[in-house]
């Protein structure tokens with residue numbers, strides 16, 4: 439990573455790393471390390487492993503103390519929704535994290551900077567790097583700032599298709615379907631647009647890098663305006 443990119447990212451997250459190599463490693467995808475024949479441990483996979491564990495503890499502590507009356511099962515479900523790949527990728531995109539990643543030329547050309555799996559892993563790797571460089575409390579602040587905003591909305595997004603199906607079944611006999619209405623872009627970097635339909639009525643529209651992602655977004659948009667569906 440060049441110096442200006444590293445400086446820009448540190449300003450964005452408002453953290454100055456003592457060990458800049460930790461940040462570089464957190465943003466180095468395995469494809470780049472392999473392409474450059476870097477030595478083992480120079481990609482972000484080990485930091486992602488650590489960040490995943492740190493994130494789970496932070497989330498468990500937050501949910502335990504915030505939702506004091508919720509049973510263990512509900513807390514487990516909420517935690518799963520907040521640390522799942524789509525949610526972490528969504529947070530990574532808010533940070534424009536993909537712009538700072540070191541990827542191989544092939545991975546870059548095939549849309550790696552927008553790929554949920556790469557972004558979610560890098561987000562966890564950054565958490566791991568912050569934890570090692572700054573300690574647990576700074577890692578907690580990072581998670582609170584970039585993940586624990588709009589928790590209820592993120593939980594809703596994770597469960598959107600299931601929640602919408604349950605809502606529709608509770609008041610309507612019309613079928614809930616998802617219709618692909620548009621595909622844009624080259625084969626390696628397609629964008630899909632899907633409509634959620636109740637019978638013939640369009641109740642939500644979503645766009646994503648996969649059909650599944652687009653359906654989830656369409657369901658989420660429908661759930662956000664569920665009062666209109668119920669009329």
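Residue numbers (the working numbering): 439 to 669.
Glycine included, each C-beta is placed from N, C-alpha and C at the ideal position.
Worksheet item: Under a Cβ-count criterion, where at least 16 other Cβ atoms within 10 Å of its own Cβ denotes burial, should residue 566 be classed as buried or exposed?
Response: Against the chain shown, residue 566 aligns to sequence position 128. Residue 566 is buried by the Cβ-count criterion.
Discussion item. For residue 443 and residue 625, I'd like the C-alpha separation in whole angstroms.
Written reply: Counting from one through the chain shown, the residue named residue 443 turns up at place 5. Counting from one through the chain shown, the residue named residue 625 turns up at place 187. Going by the C-alpha atoms only, they are around 29 Å apart.
Worksheet item: Using the C-alpha atoms, what's the distance from residue 556 back to residue 644?
Response: As a working note, residue 644 is residue 206 in the chain shown. As a working note, residue 556 is residue 118 in the chain shown. Near 22 Å, if we compare the C-alpha coordinates of residue 556 and residue 644.
Discussion item. On the DSSP letters alone, give me the boundaries of the beta strand (DSSP E) that residue 630 sits inside.
Written reply: Residue 630 sits at position 192 when you count from the first residue of the chain shown. Residues 629-636.
Worksheet item: Of all the options 599, 517, 455, 473, which has the alpha carbon lying nearest to the alpha carbon of residue 576?
Response: Within the chain shown, the letter at position 138 stands for residue 576. With distances taken between Cα atoms, residue 576 lies closest to 455.
Worksheet item: Count the other CB atoms within 10 Å of the CB of residue 547; is the residue buried (16 or more) or exposed (fewer)?
Response: For the purposes of this step, residue 547 is taken as residue 109 along the chain shown, with counting starting at 1. Counting the other CB atoms within 10 Å of its CB gives residue 547 a total below 16, which places it among the exposed residues.
Worksheet item: In terms of residues, what are the limits of the beta strand (DSSP E) holding residue 622?
Response: Here the question's residue 622 lines up with position 184 in the chain shown. Run containing residue 622: 614-622, per the beta strand (DSSP E) assignment.
Fill in: Range of the contiguous alpha helix (DSSP H) that encloses residue 506
As a first step, residue 506 must be located in the chain shown, where it is residue number 68. Taken as a continuous stretch (DSSP letters only), residue 506 belongs to no alpha helix (DSSP H), as it is neither H nor E.
Worksheet item: Is residue 480 helix, strand or coil by DSSP?
Response: On the chain shown, position 42 is the one that residue 480 refers to. Three-state DSSP puts residue 480 in coil, outside helix and strand.
Worksheet entry | Three or more C-beta pairs below 8 Å linking the region 568-583 and the region 536-543 | The answer is no - the region 536-543 does not touch the region 568-583, with fewer than three Cβ pairs under 8 Å.
Worksheet entry | Segments of 3+ residues assigned as beta strand (DSSP E) that fall wholly inside the region 574-604 | Entirely contained in the region 574-604, not one beta strand (DSSP E) run reaches 3 residues.
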